[in-house]
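Since the structure comes first, as structure tokens, the remarks are kept for the end.
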Amino acid sequence: MPLTDQELKELQQQAKSIRREIVDVTGWSGGAHIGGSLSMTDILTLLYWKYMRLDPARPDWEDRDRFVLSKGHGGVGHAVVLAQRGFFDREVLHKFNETDSMLGMHLDCHKVPGCETSTGSMGHGLSQAVGMALGARVLKKDWRVYCVIGDGESNEGSIWEAAMSAAHYKLDNLIVFQDRNHMMIDGPTEEVMSLEPLADKWRAFGFETREVDGHDMTRLAEAIDEALRMKGKPFMILCDTVKGKGVDFMENKPDWHYGGLSSELVEKAKQSIGE
Amino acid sequence: MSKTDSTFSWTVYEADKLTQREIYGIVLKDLGARHPEIVGLSADLAKSTKIGTFGDAYPDRFFNFGIAEQNMFGVAAGLAQAGLTPFVSTFSAFASMRACEFVRTDICYQNLNVKIIATHGGISFGSAGTTHHATEDYAIVRAFPNLTVIVPADAIETAQAVKKCMEIDGPVYIRIGRGFEPGVYTAEDYEFEVGKAIEMRSGTDLAIIATGATVYHAVQAADILKAESGISARVLNMHTLKPLDEEAVLKAVAETRRLITVEDHNVINGLGSAVADVIAASGKGCAFTKLGLPDRFSPHGYPEDLMHKFHVDTDGIVDKVRELLNREFEEAEDWEDEV
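Which chain is which? The protein sequence lines are U and P, in order. Numbering-wise, my numbering puts 130 at position 130 of the first sequence, and it's gapless, one number per residue. Numbering-wise, my numbering puts 131 at position 131 of the second sequence, and it's gapless, one number per residue.
Right under this line is the structure:
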């Protein structure tokens, strides 16, 4: 279903709230993977508030849709999404990174309600998402698996091993988003290890592929709607995004892959995001 | 599940004539009939590892991933997250090294119910040489928390281990050989408990602690030593490397004071090192030696030749035992004669 104007407004407001809290947690925790969390925020907002079948009160509900954050560095962004969606108390976010806290840099599925699988090391999540999608087939379940992978992460050979197997097993219950923010720690992806032509690669690997602006929720929703109708192929939504999206002094700056924020910068960042 | 289940069909297949891998394939097929949650995964080694026997019976629950072990173990984690019980087969070298981080992070860290059947362990794939030998896997996998590590002595014990691993709610690594190793057991008429060493021969002069394919040689050596020289050698089949049966080791220390370990693995950080940790912590002085592969890459050759060359066969054990019996060591002052 296309987004209504009202839905779009609410989702955009939700995304702002998530971005503002990602900034807060970065301040509280002393440092976080903020750039890549801000670039994927709109995708996660749309999934968690519009598309995914889930019940925050029952994170283990058997028929829920699964979400795998293959780019596990986005843990801080995912944690804020889960908290705001009601999986756990937002107060916990104040203790992000602290010893004995529920929340570390990379989310642990045994500790964090709503986190399906523990990721962090690059190139692991997509394989696990393939396993969950295959599992649905074996168990004759109709849950879907949504997976967000990074672009830098796609230097890993295992991403392409997983891609081959998703296409081989015709996993049409698997929808993958690539957060194409063009940056990795050491610089622009095309300077560090070129990925282009990326859409061609996904098509060659057997994915039905759409290229969209990863911050345009209307276009994102259209692509997801199309993916939900797809039969016989896994679906790739290649999302053109901006690392650090929403915070003017972070956008497209690889330095903000990971960083800490003084209270002054927290305020500046939140002003940039807006109310 | 009952502890021993006599209805498995492998018992009528002349088990002692089948290889570990063949037995594994048959037992897994039988397990598959009563456990619909079992799925089988292969990386282009369905025939070599015999998991194909399961695949032929349950094609809808069998998945080949081609030559891509990292992805295979990652997918196994996802299948386990979905509630299934994946059995994953590949050569030990690839399970422990090529896919190492996927086994460690995706499966062990998350404590998932994945059963890894690592075939062609140690130097059992002799002529294939170093690339296909796995002489480091004990060292690697026993450092993974949550993982149970089992090294069955022969085909019958492989059947026991494969059945028993279903009772463990968590990851299990079962390391077997290529299948040409001689049998130790003739029937499944013994108690196999994960984490409990089996005394194959009683003895008080020394203890030979062996695992996997070397158990056969340890038993042979003990019988020769008894017949030729009246030496009373205890033989322990340490089929579970982790959790290690520390009690059996301490008992051997107290009762024999001379211990020798034997393994088809680099002498670094395998069975011998695990046993040495227990001995060191006991505070008791004893004569101890590790038999295993030297710290160098293993050459190609027939497995029995390589075992002989590196003294991890019957002859090598007999020689080392004679040497050990003559070795002097300092006994603790408070040592009470418990024999």
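Every residue, glycine too, gets a C-beta built ideally from N, C-alpha and C. All values derive from a computational prediction rather than experimental measurement.
Element boundaries [beta strand (DSSP E), containing residue i]
i: residue 89(P); result: 85 to 91
i: residue 146(U); result: 145 to 150
i: residue 168(U); result: No beta strand (DSSP E) contains residue 168(U), which is instead part of the alpha helix (DSSP H) from 157 to 168.
i: residue 43(P); result: First-last for residue 43(P): undefined, no H or E at that position.
i: residue 65(P); result: Segment: none, residue 65(P) is in no beta strand (DSSP E) and carries neither H nor E.
i: residue 173(P); result: 172 to 175
i: residue 128(U); result: Note, residue 128(U): premise wrong, no beta strand (DSSP E); alpha helix (DSSP H) at 125 to 138.
i: residue 207(P); result: 206 to 210
i: residue 235(U); result: 235 to 240
i: residue 178(U); result: 174 to 180
i: residue 115(P); result: 115 to 119
i: residue 149(P); result: 148 to 150
i: residue 37(P); result: Unbroken run through residue 37(P): none, as it is neither H nor E.
i: residue 251(U); result: That residue, residue 251(U), is in no beta strand (DSSP E); it is neither H nor E in DSSP.
i: residue 142(U); result: Looking at the DSSP string, residue 142(U) is not in any beta strand (DSSP E), and its letter there is neither H nor E.
CA nearest to the CA of residue i, picked from the options
i: residue 257(U); options: 150(U), 108(U), 46(U), 20(U); result: 150(U)
i: residue 59(P); options: 156(P), 107(P), 302(P), 39(P); result: 39(P)
i: residue 307(P); options: 264(P), 325(P), 35(P); result: 264(P)
i: residue 235(U); options: 224(U), 243(U), 49(U), 244(U); result: 224(U)
i: residue 80(P); options: 260(P), 110(P), 97(P); result: 110(P)
i: residue 90(P); options: 191(P), 276(P), 177(P), 157(P); result: 177(P)
i: residue 44(U); options: 60(U), 75(U), 24(U), 61(U); result: 75(U)
i: residue 240(U); options: 166(U), 199(U), 128(U); result: 199(U)
i: residue 124(U); options: 130(P), 115(P), 106(P); result: 106(P)
i: residue 231(U); options: 108(U), 175(U), 3(U); result: 175(U)
i: residue 196(P); options: 250(P), 129(P), 329(P), 139(P); result: 250(P)
i: residue 83(U); options: 197(U), 203(U), 22(U); result: 22(U)
i: residue 251(U); options: 161(U), 38(U), 29(U); result: 38(U)
i: residue 161(P); options: 139(P), 182(P), 130(P), 116(P); result: 116(P)
i: residue 134(P); options: 50(P), 96(P), 241(P); result: 96(P)
i: residue 16(U); options: 26(U), 28(U), 2(U), 41(U); result: 41(U)
i: residue 189(U); options: 79(U), 173(U), 6(U), 154(U); result: 154(U)
i: residue 102(P); options: 265(U), 161(U), 261(U), 271(U); result: 161(U)
i: residue 27(U); options: 52(U), 96(U), 130(U), 238(U); result: 96(U)
i: residue 136(U); options: 65(U), 113(U), 102(U), 86(U); result: 65(U)
Proximal residues of chain P, C-beta to C-beta of residue i below 7 Å
i: residue 104(U); result: Correct list: empty, because the minimum Cβ distance to chain P is about 12 Å.
i: residue 118(U); result: 109, 110
i: residue 158(U); result: 70, 71, 74
i: residue 161(U); result: 68, 70, 71
i: residue 33(U); result: Residues of chain P passing the Cβ test: none, with the nearest at roughly 18 Å.
i: residue 121(U); result: 101, 105
Opening and closing residue of the alpha helix (DSSP H) in which residue i lies
i: residue 73(P); result: 69 to 81
i: residue 198(P); result: That residue, residue 198(P), is in no alpha helix (DSSP H); its beta strand (DSSP E) goes 198 to 201.
i: residue 273(U); result: 263 to 273
i: residue 220(U); result: 217 to 229
i: residue 200(U); result: 198 to 204
i: residue 15(U); result: 5 to 29
i: residue 162(P); result: 155 to 164
i: residue 281(U); result: Because chain U in this structure spans residues 1 to 275, residue 281(U) falls outside the shown range and cannot be described.
i: residue 191(U); result: 189 to 192
i: residue 323(P); result: 314 to 325
i: residue 137(P); result: 137 to 141
i: residue 209(U); result: Counting along the chain, residue 209(U) falls outside any alpha helix (DSSP H), though it belongs to the beta strand (DSSP E) covering 208 to 213.
i: residue 169(P); result: Here residue 169(P) belongs to no alpha helix (DSSP H), and DSSP marks it neither H nor E.
i: residue 53(P); result: 52 to 57
Contact list for residue i against chain U, beta-carbon separation under 7 Å
i: residue 61(P); result: 138
i: residue 91(P); result: Going along chain U, no residue has its Cβ under 7 Å from residue 91(P), so there is no contact; the nearest lies around 17 Å.
Chain P residues whose Cβ lies nearer than 8 Å to that of residue i
i: residue 132(U); result: 78, 79, 81, 82
i: residue 128(U); result: 74, 75, 77, 78, 81, 106
8 Å contact criterion, which residue i and residue j should meet: CB distance rounded
i: residue 126(P); j: residue 175(P); result: About 16 Å; that fails the 8 Å criterion.
i: residue 120(U); j: residue 72(U); result: 4 Å
i: residue 310(P); j: residue 293(P); result: 5 Å
i: residue 378(P); j: residue 99(P); result: Only positions 1 to 339 of chain P appear in the structure, and residue 378(P) is not among them; the question remains open.
i: residue 119(P); j: residue 224(P); result: At roughly 30 Å, the Cβ-Cβ gap does not stay under 8 Å, so residue 119(P) and residue 224(P) are not in contact.
i: residue 22(P); j: residue 179(P); result: 7 Å
i: residue 114(P); j: residue 150(P); result: No, residue 114(P) and residue 150(P) are not in contact; Cβ-Cβ is about 14 Å, not under 8 Å.
Residues that residue i contacts on chain P, provided the C-beta gap is smaller than 9 Å
i: residue 109(U); result: 81, 110
Where residue i meets chain U, residues with beta-carbon distance less than 8 Å
i: residue 191(P); result: Residues of chain U passing the Cβ test: none, with the nearest at roughly 34 Å.
i: residue 102(P); result: 124, 127, 158
i: residue 65(P); result: 161, 165
Partner residues on chain U for residue i, Cβ-Cβ distance less than 9 Å
i: residue 39(P); result: 134, 135, 138
8 Å Cβ cutoff, residue i in contact with chain B
i: residue 174(U); result: Note that chain B does not occur in the displayed structure, where the protein chains are U and P.
(request) Would you mind listing the alpha helix (DSSP H) stretches within the region 45 to 108 of chain U that are 4+ residues and don't spill past its ends, in chain order? (result) 75 to 85
(request) Note down, one range per segment and in chain order, each alpha helix (DSSP H) of at least 4 residues found wholly within the region 220 to 306 of chain P. (result) 246 to 256, 271 to 282
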